[in-house]
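Respectively, the protein sequence lines represent chains A and B. For the first sequence, numbering that gives the first Met the number 0 begins at 0 and goes up steadily by one. For the second sequence, numbering that gives the first Met the number 0 begins at 0 and goes up steadily by one. Where is the CB? At the ideal position from N, CA and C, for every residue including glycine. Owing to the predicted nature of the structure, the values given are computational and were not obtained by experimental measurement. First comes the structure, then the notes that go with it.
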Amino acid sequence: MLLLLGFFAGPVLAQDAPSRSAPQSLNPDIALIADVAAAWFSSDEPLQTGGHDPTVTGFNLQQLELSAKSVVDPYFDFNANIVFSLYGVEVEEVYATTRALPARTQLRVGQFLTRFGRLNNSHPHGWDFVDQPFVLGRVLGGEGNRGLGVEGSVLLPVPWFTELVVSETMAGGEATARSFYGPQDLGVDRPWDLQTTVALKQFFPLSSDHSLFWGLSWAAGPNASGRDNRSELYATDLFYKYRPISRSSAAWLSLQGELIHRRRQVPDDVLADWNAYEQLTWRFSQRWALAARHELGTAARLLDGSLAEEADTLDPEWDATRQRVSLNTTFWPTEFSRLRLQGASDLVGWREQPDWSVFLAFEFAVGAHGAHAF
Amino acid sequence: MLSFLLSLLLLLLPARAELRVVASVPTLAAIAQEVGGEQVKVTSLSMAAQDPHWVDARPNLALALSKADLLIIVGLDLEIGWLPALQTGSRNAAVQTGGRGYLDTSRFVNLLEIPTGKLDRSEGDVHPGGNPHFLHDPRSIAPVAYGIAARMGELDPANAAAYTARAQALAEQAAERIAAWEAQLACLRGARFVGYHKSWPYLADWLGLEIVEHVEPKPGIPPNPAHIAHVVEAMERHGVPAIIEMAYTTDATVDQISARTGAKVLRIPGGVHVERKETVLTHMEEIVALLLPLCTGSTP
Numbered sequence: 000m001l002l003l004l005g006f007f008a009g010p011v012l013a014q015d016a017p018s019r020s021a022p023q024s025l026n027p028d029i030a031l032i033a034d035v036a037a038a039w040f041s042s043d044e045p046l047q048t049g050g051h052d053p054t055v056t057g058f059n060l061q062q063l064e065l066s067a068k069s070v071v072d073p074y075f076d077f078n079a080n081i082v083f084s085l086y087g088v089e090v091e092e093v094y095a096t097t098r099a100l101p102a103r104t105q106l107r108v109g110q111f112l113t114r115f116g117r118l119n120n121s122h123p124h125g126w127d128f129v130d131q132p133f134v135l136g137r138v139l140g141g142e143g144n145r146g147l148g149v150e151g152s153v154l155l156p157v158p159w160f161t162e163l164v165v166s167e168t169m170a171g172g173e174a175t176a177r178s179f180y181g182p183q184d185l186g187v188d189r190p191w192d193l194q195t196t197v198a199l200k201q202f203f204p205l206s207s208d209h210s211l212f213w214g215l216s217w218a219a220g221p222n223a224s225g226r227d228n229r230s231e232l233y234a235t236d237l238f239y240k241y242r243p244i245s246r247s248s249a250a251w252l253s254l255q256g257e258l259i260h261r262r263r264q265v266p267d268d269v270l271a272d273w274n275a276y277e278q279l280t281w282r283f284s285q286r287w288a289l290a291a292r293h294e295l296g297t298a299a300r301l302l303d304g305s306l307a308e309e310a311d312t313l314d315p316e317w318d319a320t321r322q323r324v325s326l327n328t329t330f331w332p333t334e335f336s337r338l339r340l341q342g343a344s345d346l347v348g349w350r351e352q353p354d355w356s357v358f359l360a361f362e363f364a365v366g367a368h369g370a371h372a373f
Numbered sequence: 000m001l002s003f004l005l006s007l008l009l010l011l012l013p014a015r016a017e018l019r020v021v022a023s024v025p026t027l028a029a030i031a032q033e034v035g036g037e038q039v040k041v042t043s044l045s046m047a048a049q050d051p052h053w054v055d056a057r058p059n060l061a062l063a064l065s066k067a068d069l070l071i072i073v074g075l076d077l078e079i080g081w082l083p084a085l086q087t088g089s090r091n092a093a094v095q096t097g098g099r100g101y102l103d104t105s106r107f108v109n110l111l112e113i114p115t116g117k118l119d120r121s122e123g124d125v126h127p128g129g130n131p132h133f134l135h136d137p138r139s140i141a142p143v144a145y146g147i148a149a150r151m152g153e154l155d156p157a158n159a160a161a162y163t164a165r166a167q168a169l170a171e172q173a174a175e176r177i178a179a180w181e182a183q184l185a186c187l188r189g190a191r192f193v194g195y196h197k198s199w200p201y202l203a204d205w206l207g208l209e210i211v212e213h214v215e216p217k218p219g220i221p222p223n224p225a226h227i228a229h230v231v232e233a234m235e236r237h238g239v240p241a242i243i244e245m246a247y248t249t250d251a252t253v254d255q256i257s258a259r260t261g262a263k264v265l266r267i268p269g270g271v272h273v274e275r276k277e278t279v280l281t282h283m284e285e286i287v288a289l290l291l292p293l294c295t296g297s298t299p
């Protein structure tokens, strides 16, 4: 043993040394992420639906996000995302996540973005586009579907990754539960006055280089059109990624899409509409990417197939299909800063001319390095 | 009656003989496999062809982690961009940071390039705790192996002696090979090299190399023309014979610099190719074989 130790004049065994992954501190990991954009719109009244989208011609502060995370104790993790705008601050998310439940289960409690679909529970710094797909703003709300509540999830005992997620959250908020109570929160008298969300997420490693993520989501809850009137959302999402890992490469290609069918009970009828987006992203080098996105939202129709028009109190003007095509290029000086040039043509069915927009968006971040979800 | 039923249930449950070990990088997976032998089943979350800073947190990796008894990582924030998402998604208390099944191997080695003074990212993508690329120094194999053996022994006391014995065997083999490699590469002591990224301080420390410049002006920052010119000038001034880079580096700048200076490009495998059943010592042999021609003056 002494002879062996003599050979190791460099790195030597230091069994009792504390972990040196980071300076020792009980303070949370904090990051600040700012998104600003210069925007131009051909229309005086752009139809951006996202709460953090550029909305005026000129300079826009999309958001300043303060992200904090830490370990509460052996049982819970803490996460918070607080969003600042020029005019106020809001708690986007604050929740505890269990660390040690049995049978591969997990609970989240607090205010959180629901796991409906794919993009909803992500943040702008993780998006491939400057703005939110309008279909999500239309159906879920400009801030994404979120609410105070509880979520349970489990990894199902099958050989491939399959996660079942169920949550109960408050159903109010124009920007957070738009298809449910929305701005007219009628309160909770019964358990079904909450929004229920169920999602099944499956991942298939097609090979080392090819990945496929498929989700099914359902959300239901009360809407404000009348007592016992409810809304239901049915969605599927698909994410495919090609990223060579069996050989060295900085490039990758991804294809992502979501399809949402929404049904809303209104007095004596049901409104139904279809909403979808699909996007292609090609990161062709370490620092550069190109992306294209198409979005579509049909007009809401009644059970007899006629246009909902005024019966759709959320979007009475939406009496024709709306489609938008966006193209962008992104440059990352480092992973902590990002410059994105994006243009879009918005073919709004109830407007005579398409709306055009151009954004030059800049994101910059400091603080703790966050982990990127897939 | 209840105890009888419980005993029956235990008998019906399949006996799990293997310790399930997940390693963040394939070199740690290879060491864990040698230490654990048939008593362990080892999975690597990344492959040798991947840059360990940039691994996709694919959900199937969380699934593997959900079943793990032990997670072994390099640490020093090397995996910080992707591993925490997998740990949370795994729902496995054992592999959470600080859990009984979480092992940060950076604690077993003396670290180099620990930043001093004020630290911020104006210096590039810095690692506040020190340079994490210590696995390039074969002298780290023994302390890491012993550390892994000790933790395996805590989790699986019945086989603790076997783990320690294998770690010792690996350490002895490594010591023997290290002595031979040092003799073969003694000519490189004092030789000057250029590295692409700051991946080489431990290799340099072991072999007495001097890394005079890096192609990246700062860690994680691709080179610009002015810096490339500076590197070329430094290489010509110091008579640098080779540029060392990880095989997973994709920047073609290195080839441009090589063409201008006549320096060789040594593409060092980023880790053990466990998928080809390589071991950590055969991996180091490959690295030595790449360096050896610099002693003889022939092309690697």
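Backbone secondary structure at residue i - three-state DSSP
i: B/Asp204; result: helix
i: A/Asn327; result: strand
i: A/Met169; result: coil
i: A/Trp317; result: coil
i: A/His209; result: strand
i: B/Pro58; result: helix
i: B/Pro221; result: coil
i: B/Trp53; result: coil
i: A/Ser84; result: strand
i: B/Leu293; result: helix
i: B/Asp254; result: helix
i: A/Pro221; result: strand
i: B/His213; result: strand
i: B/Gln38; result: helix
i: A/Leu359; result: strand
i: B/Ala93; result: helix
i: A/Ser41; result: coil
i: B/Tyr162; result: helix
i: A/Ser69; result: strand
i: A/Gln183; result: coil
i: A/Leu287; result: Per the sequence presented here, residue 287 of chain A reads as Trp, with Leu not at that position. Correct three-state label for A/Trp287: strand.
i: B/Ala230; result: Note that residue 230 of chain B is Val in the sequence shown here, rather than Ala. The answer is helix: DSSP assigns B/Val230 an H, G or I state.
i: B/Arg150; result: helix
Interface flag, residue i vs chain B, CB-CB below 7 Å
i: A/Pro45; result: no
i: A/Gln341; result: no
i: A/Phe202; result: yes
i: A/Ala16; result: In this prediction, A/Ala16 scores a pLDDT of 40, lower than 50, which makes its location untrustworthy; no coordinate-derived value is stated.
i: A/Ser54; result: Checking the sequence, you will find Thr at residue 54 of chain A rather than Ser. With 7 Å as the cut-off, A/Thr54 does not count as an interface residue toward chain B.
i: A/Phe373; result: yes
i: A/Arg103; result: yes
i: A/Ser20; result: Confidence at A/Ser20 is low in this model, with a pLDDT of 48, below 50, so the placement of that residue should be treated as unreliable; the coordinate-derived value is given next. Interface residue, yes.
CB contact flag (residue i, residue j, <7 Å)
i: A/Gln183; j: A/Ala223; result: yes
i: B/Pro224; j: B/Val214; result: no
i: B/Val39; j: B/Ala67; result: no
i: A/Ala376; j: A/Thr280; result: The shown model of chain A, from 0 to 373, leaves out residue 376 of chain A, and the question about it has no answer.
i: B/Trp81; j: B/Val54; result: yes
i: A/Leu163; j: A/Arg103; result: no
i: B/Leu184; j: B/Leu290; result: yes
i: A/Gln131; j: A/Gly49; result: yes
i: A/Thr56; j: A/Trp39; result: yes
Any non-hydrogen atom of the ligand ADP closer than 6 Å to residue i Cβ
i: B/Leu18; result: The ligand ADP is absent from the structure shown, which contains no ligands of any kind.
C-beta neighbour in chain A for residue i, strict 7 Å
i: B/Pro224; result: no
i: B/Tyr247; result: yes
i: B/Met283; result: no
i: B/Ile227; result: no
i: B/Val287; result: no
i: B/Met234; result: no
Residues bridged to residue i (per DSSP)
i: A/Glu277; result: A/Gly256, A/His293
i: A/Trp126; result: Beta-bridge pairing links A/Trp126 to no other residue.
i: A/Ile32; result: A/Glu64, A/Ala364
i: B/Lys263; result: B/Ala241
i: A/Asp236; result: A/Gly214, A/Glu257
i: A/Leu147; result: A/Gln110
i: A/Asp354; result: A/Asp345
Members of the region 244-265 of chain A that neighbour chain B once the beta carbon cut-off is set at 7 Å
Hits within the stretch, in order: Ile244, Ser245, Arg246, Ser247, Ser248, Ala249.
Chain A contacts from the region 137-151 of chain B (Cβ-Cβ distance under 8 Å)
When CB distances to chain A are screened at a threshold of 8 Å, the residues of the region 137-151 of chain B falling below it are Arg138, Ser139, Ala141, Pro142, Tyr145, Gly146, Ala149, in chain order.
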